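Colleague: Residue numbers (my numbering), protein chains in the order written: chain A, 1 to 169; chain B, 1001 to 1169; chain C, 2001 to 2169; chain D, 3001 to 3169.
First the structure, then my questions, so here it is.
Protein chains: 4
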Amino acid sequence: MIPIIITIMVLELEPPHGTAVASLAEVLPGWLRYALSFVYVGIYWVNHHALLDRVAKVDSAVLWANLHLLFWMSLIPWVTAWAGENPMAPVPVALYGVVLLLCSVSFMLLSWRLDVEAETGRVHSWGSRKNRMSIALYALAIVLSLWYAPLGAVIHVLLAILWLAPETR
Amino acid sequence: MIPIIITIMVLELEPPHGTAVASLAEVLPGWLRYALSFVYVGIYWVNHHALLDRVAKVDSAVLWANLHLLFWMSLIPWVTAWAGENPMAPVPVALYGVVLLLCSVSFMLLSWRLDVEAETGRVHSWGSRKNRMSIALYALAIVLSLWYAPLGAVIHVLLAILWLAPETR
Amino acid sequence: MIPIIITIMVLELEPPHGTAVASLAEVLPGWLRYALSFVYVGIYWVNHHALLDRVAKVDSAVLWANLHLLFWMSLIPWVTAWAGENPMAPVPVALYGVVLLLCSVSFMLLSWRLDVEAETGRVHSWGSRKNRMSIALYALAIVLSLWYAPLGAVIHVLLAILWLAPETR
Amino acid sequence: MIPIIITIMVLELEPPHGTAVASLAEVLPGWLRYALSFVYVGIYWVNHHALLDRVAKVDSAVLWANLHLLFWMSLIPWVTAWAGENPMAPVPVALYGVVLLLCSVSFMLLSWRLDVEAETGRVHSWGSRKNRMSIALYALAIVLSLWYAPLGAVIHVLLAILWLAPETR
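Here it is in structure tokens:
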């Protein structure tokens, strides 16, 4: 379902109205927001794959934890469209952050559930340290967006870079 | 095909027109209807998977029983859009119930067909007792919706909870 | 790709404008056209599956014969939308027939190519007799549609029933 | 994800406004642009498949090189819609060429990364000679499009034929 989410997002991207080079500038913010969402969904795609690869058997609790994550991810195209059409408007940028926060929390719940399944005795993964730090930063971005939207947008970009960049195994 | 249905539903969800917090309230009913449909398609996804896992070989009768189910499920995004754009309007809520009823009946027909294939001698599954009760409640919801739409909507929510909650094997 | 085609077709189906029962009558022709297209794509799904199951190895000629079929099938949602929005208008109904004809011809070319691959010596499958008869009837439907559209629509329905019904192995 | 891209492109293709034969002429340029994009995505589908078939194990660098390619391919439906709605307008035709160029470059980067993984000692595939020549021609098409758009469109068609035609192994 993640490849479908990542692909349909482009349908929310309107073609420019004119045919001048200037009309490209008009769609640029929506396009950058699309690129950012593409990177986020891509990060989830890669990590989700790595997470489920470790799993031997899924029961219905895992299936629902997975659907819970997919629900919040399915809202990414919608909130990308809203934030892209209204660049740097406080509420859309904040809502974008809310959806990213909920994706992050539900990813943590899924990996926690998989740990319980694995009966490893100790439940270590309330997400990695990086995961917990991200959640705090998403929350901060929401508050800052409502005050001055570009600050929220900068945090969204920085977090995407954080998740893309190190990838130490 | 079920992951595609669940994902494209979000395309029917319009971004709000303004950028104020109040504009989110305006799209809230459509959003809740989307969440409800997501849960329903999710329930079918999980149960459909469980149903087909038991099957060794499919013939064309099973394929067509399956396509029959998918046909009614493919209408969920369309009826979700209509009911979501016109919250608590009698006819859209009733039609939403009609589509859920037909999904339920065609799921029952598919599981019945799979039983015939399995040549188990006795055909036990005109659906489970829960399945038959659901069909009666969907029918009730259709009638009540035409009289007072919120009653139908409440039954749709209760039935989703019923199917989500117990899941005893 | 066929499950994607069959699913996105529903996106071309507009929700009714009002919320009265009468507003359903207004969308009924589009809805019936959708149901007919669903059955056609379903028939191709089942037959395409059966065709490729017999194949051991695909080379690039087979891949392109397959993409050729998928190209014409990808136009079914588009021509369904046009014919559905303009019920019984001669040109849309005729074009619907043209697309079905080209799907049928390209399915025949694909199965012919697979026979060549199989090096069976004799190339028997310029399609089955049913296939060749269908092509003649699609061509007839195109001509009749331009004269009186409902005649074309009747042939489209009859051919769908023909392909659904017997299915003798 | 490539089958999803190729299929959703048809959603950007509007049904004609009237029902006369003449109204088909009006949508013809968009339709031809769709057919060209279908062929391009088809070529990538076939070559991408062949490329990944040779690969034993993917690490995250390969995954991201692959997502990089898919990002530029995901823009094909969008730029097809813009160029199709404004046939032979210089900027849309040039942008179409830019997206094709970036797809080609990212395909080259992916195949280069796969060679590094394979630790073959020598990195031979900055793409094939055909690949490098195509990139030069895409760049030429961009410049020519801005001067006289049909010249760019002719190069796009010729390059599609070049990639379709020989296919010597």
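Beta carbons: idealized from backbone N, C-alpha and C, even for Gly.
Because the structure is a prediction, the values reported are computed rather than measured.
1) At 9 angstroms on the CB atoms, spell out the chain C contacts of Pro1092 (chain B), in chain order.
2) Compare the beta carbon distance of Leu3013 (chain D) and Asn3066 (chain D) with 9 angstroms and say whether it is the shorter of the two.
3) Does chain C have any CB closer than 9 angstroms to the CB of Met1001 (chain B)?
4) Exposed or buried, what is Arg33 (chain A) when buried is set at 16 or more other beta-carbons lying within 10 Å of its beta-carbon?
5) Could you pull the start and end residues of the alpha helix (DSSP H) that Lys1130 (chain B) belongs to?
6) Tell me the DSSP secondary structure of Asn2086 (chain C) in three-state form.
7) DSSP on Arg33 (chain A), reduced to helix/strand/coil?
8) Spell out whether any CB of chain D is found under 9 angstroms from the CB atom of Gly216 (chain A).
9) Looking at Trp3064 (chain D): is its Cβ nearer than 9 angstroms to the Cβ of Leu3102 (chain D)?
10) With distances taken between CB atoms, is the gap from Ile2 (chain A) to Leu70 (chain A) smaller than 9 angstroms?
11) Tell me the rounded alpha-carbon separation between Tyr2096 (chain C) and Thr2080 (chain C).
12) For Pro90 (chain A) versus Ala149 (chain A), is the C-beta spacing smaller than 9 angstroms?
13) List the residues of chain C that Trp1078 (chain B) touches, going by C-beta distances under 7 angstroms, in chain order.
14) Could you check whether the Cβ of Trp3163 (chain D) sits closer than 9 angstroms to any Cβ belonging to chain C?
15) Nearest to His1205 (chain B) by alpha carbon, out of A:Val58, A:Leu11, A:Ala94, A:Pro87?
16) Shortest alpha-carbon distance to Val3046 (chain D) belongs to which of C:Val2062, C:Val2157, C:Val2039, C:Met2108?
17) Taking the straight line between their C-alpha atoms, what separation do you get for Ile1006 (chain B) and Ala3139 (chain D)?
18) Nearest chain B C-beta to Gly121 (chain A) closer than 9 angstroms, yes or no?
19) When the Cα atoms are used, what is the spatial distance from Leu3022 (chain D) to Gly2030 (chain C)?
20) Taking Cβ-Cβ distances below 9 angstroms as the criterion, which residues of the segment 2134-2164 of chain C are in contact with chain B?
21) My output table needs one value for Gly1121 (chain B): the three-state DSSP class, helix, strand or coil.
22) For Ala1035 (chain B), which residues in chain C fall below 8 angstroms Cβ to Cβ?
23) Grab me the residues of Glu1026 (chain B)'s own chain with a C-beta within less than 7 angstroms of its C-beta, minus the 5 sequence neighbours each way, in chain order.
24) Let me know the secondary structure DSSP gives His1048 (chain B) once reduced to three states.
25) With 16 as the cutoff for other CB atoms within 10 Å, does Met3108 (chain D) come out buried or exposed?
26) Can you tell me the Cα-Cα spacing of Ala2160 (chain C) and Leu2036 (chain C), whole angstroms?
27) For a contact meaning CB atoms closer than 7 angstroms, what does Glu3085 (chain D) contact in chain A?
28) List, in order along the chain, the chain C residues whose C-beta lies closer than 8 angstroms to that of Ile1081 (chain B)?
29) What in chain C is Cβ-close to Phe1071 (chain B), meaning under 7 angstroms?
30) With distances taken Cα to Cα, identify the nearest neighbour of Trp170 (chain A) among A:Ser104, A:Ala141, A:Arg113.
31) Rounded to a whole number of angstroms, what is the C-alpha to C-alpha distance between Leu2114 (chain C) and Met9 (chain A)?
32) Classify Gly2121 (chain C) as buried or exposed, calling it buried when 16 or more other Cβ atoms lie within 10 Å of its own Cβ.
Modeller: Judging by the given coordinates:
1) Pro2015, Pro2016, Thr2019
2) no
3) yes
4) buried
5) 1129-1147
6) coil
7) helix
8) Chain A is shown only over 1 to 169; residue 216 (chain A) falls outside these bounds and no answer can be derived.
9) no
10) yes
11) 7 angstroms
12) yes
13) Val2010, Leu2013, Pro2015
14) no
15) One cannot answer for residue 1205 (chain B) here, as it falls past the ends of chain B, which runs 1001 to 1169.
16) C:Val2062
17) 40 angstroms
18) Its pLDDT being 48, under 50, Gly121 (chain A) is placed unreliably in this model, and the coordinates cannot settle the point.
19) Position check: residue 3022 (chain D) holds Ala in this sequence, whereas Leu was assumed. The alpha-carbon atoms of Ala3022 (chain D) and Gly2030 (chain C) are separated by roughly 22 angstroms.
20) Leu2164
21) Residue confidence is low: Gly1121 (chain B) scores 48 on pLDDT, short of 50, so the model does not pin down where it sits. Its coordinate-derived value is still stated next. Residue state, collapsed to three classes: coil.
22) Residues of chain C passing the Cβ test: none, with the nearest at roughly 18 angstroms.
23) Pro1016
24) helix
25) buried
26) 8 angstroms
27) Pro15
28) Sequence check: residue 1081 (chain B) is Ala here, not Ile. Within chain C, the residues near Ala1081 (chain B) are Pro2015.
29) Phe2038
30) The structure shown has nothing for residue 170 (chain A), since chain A only spans 1 to 169.
31) 37 angstroms
32) Residue placement at Gly2121 (chain C) is flagged as unreliable, the pLDDT there being 48, under the threshold of 50; a coordinate-derived value is accordingly withheld.
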